[in-house]
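Peer 1: Each position in the sequence shown, counted from 1, maps to that position plus 4 in the numbering used here.
Glycine is no exception: its CB is placed at the ideal position from the N, C-alpha and C atoms.
These numbers come from a predicted model, not from an experiment.
Here's a structure for you.
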Amino acid sequence: MAEKTEALEDGSRLCKMTLASDGFAADWRHCDLLSNYVSHVVSFDKPDPFVFSNLLSTVINEILESIYRNHCSGLIDISLHKAGNDTVIVSEIPVNAESRTFYLDIPRCIDSSAAGSRYREEIMKTTANISPAIGFFELAADYGAKICVDDIPQSGRIKLSVRVCLGKLVEEDHT
């Protein structure tokens with residue numbers, strides 16, 4: 005069962021972008037370029053902008069790689085929000101039946117108590133049959149990400165929300 009994302013106040017938005025899926029999917033490097041650019045833009049006011057930007061870039065890159073592999077034609081809306089000490093990345097993604105099922109299964113597959121073991125199982129596989137959700141397992145296990153998915157059936161889209169507290173990880177990096 006998919007969890008509902010919480011409403012975010014418009015004033016909490018750090019940035020927003022809209023991508024045409026065909027242009028975005030035309031080149032794999034877009035994931036890395038976009039994640040680095042966006043993370044630098046929203047990290048300038050952090051106590052350690054370099055470390056925060058590095059962590060945020062990794063989180064955004066995992067999300068973008070998943071979108072790169074699991075979308076259909078249309079516009080992709082991505083926004084970053086500040087929610088207390090957390091950063092929330094909200095993506096509205098055009099989907100077909102297969103990609104909708106993929107996204108709706110993510111919260112079910114990622115239980116916070118099992119995220120670490122599930123991630124280790126995937127990276128230790130000796131076959132090429134690695135779960136396409138491995139990036140989300142990594143975000144939950146290594147970054148403590150909370151992942152929610154809302155189905156927007158009449159629109160042919162889903163809303164993916166990934167919430168992380170990177171400030172805590174930055175503090176750990178300095179101790």
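In terms of residue numbering, what span does the beta strand (DSSP E) encompassing A24 cover?
Peer 2: 17 to 24
Peer 1: Kindly confirm or deny that the segment 59 to 73 and the segment 20 to 40 touch, where touching means at least three C-beta pairs closer than 8 angstroms.
Peer 2: yes
Peer 1: Going by the DSSP bridge assignment, what does H85 pair with across the sheet?
Peer 2: R17, V92
Peer 1: What is the DSSP secondary structure of P98, reduced to helix, strand or coil?
Peer 2: strand
Peer 1: Short of 7 angstroms in beta carbon distance, which residues of its chain neighbour I110, apart from the five on each side in sequence? Order them along the chain.
Peer 2: A137, F140, I151, V153
Peer 1: So I64 and S43 are in contact, right, with Cβ under 8 angstroms, and what is the actual spacing, rounded?
Peer 2: 6 angstroms
Peer 1: Would DSSP call C152 helix, strand or coil?
Peer 2: Here C152 sits in strand by DSSP.
Peer 1: Under three-state DSSP, which class holds I110?
Peer 2: I110 falls in the helix class under three-state DSSP.
Peer 1: Tell me the DSSP secondary structure of I134 in three-state form.
Peer 2: coil
Peer 1: Please work out which residues of its chain come closer than 6 angstroms, Cβ to Cβ, to G171, disregarding the five sequence neighbours upstream and downstream, and give them in chain order.
Peer 2: N89
Peer 1: Restricting to Cα atoms, I'd like to know which of T91, Y123, V92, G78 is closest to R161.
Peer 2: G78
Peer 1: Return yes when the Cβ of K86 is within less than 8 angstroms of the Cβ of L18, no when it is not.
Peer 2: By the CB criterion at 8 angstroms, L18 and K86 fall inside the cutoff.
Peer 1: Given a threshold of 16 other Cβ atoms within 10 Å of its Cβ, counted over all protein chains shown, does R33 qualify as buried or as exposed?
Peer 2: exposed
Peer 1: DSSP beta-bridge partners for K163?
Peer 2: E96, D154
Peer 1: Which residue wins for smallest C-alpha separation from G148, given the options D52, L59, V45?
Peer 2: L59
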